[in-house]
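So in my numbering, the last spot in the sequence shown is 932, and the numbers never skip.
Report on one structure; see the data block that follows.
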Amino acid sequence: MNSLRFNYSVTGFVIIILTMSATVSAKDVDLKNLDVNSLVSRMTPLKDMTPAQWRVVWTGDASREATLSWSTARAGKKHVVHYGTVPVGRGGKHKLHQACHSNGLYTIIQPSSSKEGQASKSIAPAYYHHAKIKDLKPNTRYYFILESDGVRSRELYFVTAPSAGTNFTLIHGGDSRSGHADRCRMNLRIAEQAKSNPDVIAFAHGGDYIVSGTKWEQWRLWLSQHELTTLEDGRVLPVIPTKGNHDAGKLYFEVFDLDEKEQRWHTTMLGDDVAIVTLDTNSPAGGPQAEWLESELKQLRSKVQWLIVQYHRPMYPAVKTPAPHATVFCPLFDKYNVDLALESDGHCMKRTVPIRDGKKDPNGLVYLGEGGLGVGQRKTDPNRWYFQNGGKTGSDHHVVKIDLNSAELRARFILVDGSAWDDHTIKSKKP
Numbered sequence: 502m503n504s505l506r507f508n509y510s511v512t513g514f515v516i517i518i519l520t521m522s523a524t525v526s527a528k529d530v531d532l533k534n535l536d537v538n539s540l541v542s543r544m545t546p547l548k549d550m551t552p553a554q555w556r557v558v559w560t561g562d563a564s565r566e567a568t569l570s571w572s573t574a575r576a577g578k579k580h581v582v583h584y585g586t587v588p589v590g591r592g593g594k595h596k597l598h599q600a601c602h603s604n605g606l607y608t609i610i611q612p613s614s615s616k617e618g619q620a621s622k623s624i625a626p627a628y629y630h631h632a633k634i635k636d637l638k639p640n641t642r643y644y645f646i647l648e649s650d651g652v653r654s655r656e657l658y659f660v661t662a663p664s665a666g667t668n669f670t671l672i673h674g675g676d677s678r679s680g681h682a683d684r685c686r687m688n689l690r691i692a693e694q695a696k697s698n699p700d701v702i703a704f705a706h707g708g709d710y711i712v713s714g715t716k717w718e719q720w721r722l723w724l725s726q727h728e729l730t731t732l733e734d735g736r737v738l739p740v741i742p743t744k745g746n747h748d749a750g751k752l753y754f755e756v757f758d759l760d761e762k763e764q765r766w767h768t769t770m771l772g773d774d775v776a777i778v779t780l781d782t783n784s785p786a787g788g789p790q791a792e793w794l795e796s797e798l799k800q801l802r803s804k805v806q807w808l809i810v811q812y813h814r815p816m817y818p819a820v821k822t823p824a825p826h827a828t829v830f831c832p833l834f835d836k837y838n839v840d841l842a843l844e845s846d847g848h849c850m851k852r853t854v855p856i857r858d859g860k861k862d863p864n865g866l867v868y869l870g871e872g873g874l875g876v877g878q879r880k881t882d883p884n885r886w887y888f889q890n891g892g893k894t895g896s897d898h899h900v901v902k903i904d905l906n907s908a909e910l911r912a913r914f915i916l917v918d919g920s921a922w923d924d925h926t927i928k929s930k931k932p
């Protein structure tokens with residue numbers, strides 16, 4: 502398996518930096534044949550107080566607030582975000598400043614002694630920092646600089662969601678997992694989708710970022726490689742996170758600044774007219790989650806033009822058996838006329854026929870996705886009834902590009918080479 506070259510030592514994990522001047526674009530190279538070792542220079546080393554592994558997280562009102570997060574190798578004392586609507590460059594001064602509301606040591610489980618009784622190499626500590634910025638203007642470019650104890654990042658930026666309207670694009674994908682080389686290639690494909698289409702506003706991840714959710718070494722690698730989704734001009738695509746079955750433990754919540762008890766499911770509002778309802782297929786479907794889901798869908802359906810759900814385990818899978826949540830979730834999806842269901846976990850590609858009440862129905866819900874952000878792909882079963890006469894299955898690394906407007910939603914599976922495997926249009930079900 503191809504992988505990036507890394508240098509391990511007793512004191513921790515050091516990325517070998519070649520040069521910070523190199524840039525790679527998915528449009529410039531053949532991603533399938535790209536030597537991923539050439540990408541090391543695109544990643545910021547997790548060293549001392551240098552802000553690294555940055556991400557913007559959306560789990561609330563994306564037109565008016567965002568969480569800006571990063572990591573450092575030492576704890577430090579003062580962590581702040583400087584931001585504004587005008588670029589100032591790395592050494593400039595922004596008018597607005599926000600101290601982090603949450604700083605802490607990532608939960609790192611040290612390895613036990615080897616079978617020979619020798620002490621294993623310890624894993625170096627790392628620290629998370631989260632700053633929530635509020636009272637933002639919709640549909641506005643916000644430039645920001647991350648600072649930890651006087652050490653600054655380069656200037657980056659993101660764009661807030663519009664306050665109203667639906668003319669924008671969302672990228673969705675899941676299952677980054679263990680395919681490090683292909684994961685890097687797909688990160689570049691995500692960046693290219695945003696570069697070639699300024700209407701792309703966010704990246705919804707369907708879960709399974711890594712293989713073992715309790716292992717910081719794997720999260721550390723995912724976070725560093727996630728920097729490849731940053732555009733050459735500093736644009737960062739906000740992440741709308743979903744928890745996968747491989748994302749067990751505390752690290753998922755520490756990475757995305759989520760409360761472990763209260764934020765296993767959440768709604769991200771992309772303005773007033775588009776809602777992304779994120780569910781947790783690792784928690785019981787009934788009880789609190791079902792009660793929350795029905796309440797959320799009920800109050801959203803009459804308000805939004807597009808009501809989209811995302812979660813990890815599929816209700817109508819192309820490889821595995823259905824998630825046990827299907828008996829609870831699907832009737833609620835039908836009752837409140839959800840427009841689109843985004844799924845992962847199967848390591849394949851699929852789009853079902855429209856389904857309502859467990860049967861094909863032209864007014865039903867289409868379930869699509871199944872995860873191809875780097876994980877090895879599986880063979881599908883195209884003979885299942887919900888793929889017949891209109892559905893589709895396949896196996897390749899991919900993202901789903903979702904274009905929205907007031908009348909219809911267009912979902913396209915984009916492969917690593919940039920070609921489209923499927924192109925499907927859905928009409929809005931808003932009453």
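Beta carbons: idealized from backbone N, C-alpha and C, even for Gly.
Owing to the predicted nature of the structure, the values given are computational and were not obtained by experimental measurement.
When the options are compared against residue i, the one with the closest alpha-carbon
{"i": "R489", "options": "L535, K860, T881, H925", "result": "Missing from the structure shown is residue 489; the chain here goes from 502 to 932 and no further."}
{"i": "D562", "options": "G772, G593, I672", "result": "G772"}
{"i": "A908", "options": "C849, V805, S697, R736", "result": "V805"}
{"i": "Q719", "options": "R690, A627, Y643", "result": "A627"}
{"i": "L780", "options": "G666, D760, T743, D774", "result": "T743"}
{"i": "N640", "options": "S845, I702, N688, D923", "result": "I702"}
{"i": "V581", "options": "Q764, D650, K638, A749", "result": "D650"}
{"i": "A827", "options": "K880, Y710, G787, G877", "result": "G787"}
{"i": "R653", "options": "T551, I903, S613, D774", "result": "T551"}
{"i": "R904", "options": "T926, E728, F888", "result": "Looking at the sequence shown, residue 904 is not Arg but Asp. Closest option to D904, Cα to Cα, is T926."}
{"i": "L724", "options": "K928, V557, L910", "result": "V557"}
{"i": "P855", "options": "Q889, P883, A824, T881", "result": "Q889"}
{"i": "A600", "options": "G585, A632, A574, Q811", "result": "A632"}
{"i": "T730", "options": "G707, E761, K696", "result": "K696"}
{"i": "R736", "options": "F830, V867, P699", "result": "P699"}
{"i": "L540", "options": "Q726, F659, F669, K596", "result": "Q726"}
{"i": "D835", "options": "L874, P785, K930, S896", "result": "K930"}
{"i": "D840", "options": "E792, G707, L866, T560", "result": "L866"}
{"i": "I646", "options": "H813, K596, A682, A692", "result": "K596"}
{"i": "Q554", "options": "E648, V778, F830", "result": "E648"}
{"i": "N668", "options": "L606, N906, E761, R885", "result": "N906"}
{"i": "F830", "options": "Y868, F659, P863, N864", "result": "Y868"}
{"i": "N692", "options": "L738, F754, H681, G707", "result": "Reading the sequence as shown, one finds Ala at residue 692 and not Asn. Here the closest residue by C-alpha is L738."}
{"i": "G708", "options": "T822, V740, Y817", "result": "V740"}
Neighbour-count burial assignment, residue i, 16 or more Cβ in a 10 Å radius
{"i": "L916", "result": "buried"}
{"i": "S803", "result": "exposed"}
{"i": "I610", "result": "exposed"}
{"i": "S920", "result": "exposed"}
{"i": "V790", "result": "According to the sequence provided, residue 790 is Gln. The question's Val does not apply to it. So Q790 ends up on the buried side."}
{"i": "P588", "result": "exposed"}
{"i": "K851", "result": "buried"}
{"i": "G593", "result": "exposed"}
{"i": "A776", "result": "buried"}
{"i": "H899", "result": "buried"}
{"i": "P815", "result": "buried"}
{"i": "A665", "result": "exposed"}
{"i": "D748", "result": "buried"}
{"i": "A523", "result": "Low per-residue confidence applies at A523: pLDDT is 37, beneath 50, and the placement is therefore not dependable enough to give any value."}
{"i": "P932", "result": "exposed"}
{"i": "H602", "result": "exposed"}
{"i": "V913", "result": "Correcting the residue identity first, residue 913 is Arg in this sequence and not Val. Label assigned to R913: buried."}
{"i": "Q811", "result": "buried"}
{"i": "G577", "result": "buried"}
{"i": "D924", "result": "exposed"}
{"i": "I531", "result": "The question names Ile, but residue 531 in the sequence shown is Asp. Counting Cβ neighbours within 10 Å, D531 comes out exposed, since fewer than 16 surround it."}
{"i": "L606", "result": "exposed"}
{"i": "E755", "result": "buried"}
{"i": "E792", "result": "exposed"}
{"i": "D918", "result": "exposed"}
Assumed close pair residue i, residue j - CB separation to whole angstroms, cut-off 8 Å
{"i": "G870", "j": "V901", "result": "6 Å"}
{"i": "R591", "j": "R655", "result": "5 Å"}
{"i": "A625", "j": "L671", "result": "In fact, because the Cβ distance is near 36 Å, the residues do not count as touching under 8 Å."}
{"i": "V820", "j": "T782", "result": "15 Å between Cβ atoms; not a contact."}
{"i": "S713", "j": "Y629", "result": "Actually they are not in contact, since the Cβ atoms of S713 and Y629 sit about 19 Å apart, beyond 8 Å."}
{"i": "V537", "j": "A682", "result": "5 Å"}
{"i": "L547", "j": "R721", "result": "7 Å"}
{"i": "W717", "j": "L752", "result": "6 Å"}
{"i": "T853", "j": "G892", "result": "5 Å"}
Residue-level contact to chain C via CB, residue i, 9 Å cutoff
{"i": "I702", "result": "Among the chains in the structure shown there is no chain C, since it carries only a single protein chain."}
(request) Entirely within the segment 649-690 and at least 3 residues each: give me those beta strand (DSSP E) ranges in chain order. (result) 657-660, 669-674
### Task
Can you check the segment 811-835 for any beta strand (DSSP E) of at least 3 residues that lies completely inside it and give the ranges in chain order?
none
Please list the segments of the alpha helix (DSSP H) lying wholly inside the segment 554-587, counting only runs of 4 or more residues, in order along the chain. none
For this session: Mind the definition here: the segment 845-856 touches the segment 664-682 only if three or more C-beta pairs lie below 8 Å; say whether that holds.
Result: yes
Determine, using beta-carbon pairs with one atom in the segment 684-700 and one in the segment 760-769, whether at least three such pairs fall under 8 Å. no
Practice problem: Evaluate the contact criterion for the segment 629-637 versus the segment 563-575: three or more CB pairs, one atom per stretch, below 8 Å. | Solution: yes
### Message
Which runs of the beta strand (DSSP E) at least 3 residues long sit entirely within the segment 830-891? Give them in chain order.
### Response
841-844, 850-852, 867-870
Exercise. Pick out the complete beta strand (DSSP E) segments inside the segment 738-793, 3 residues or longer, and give them in chain order.
Key: 767-770, 775-779
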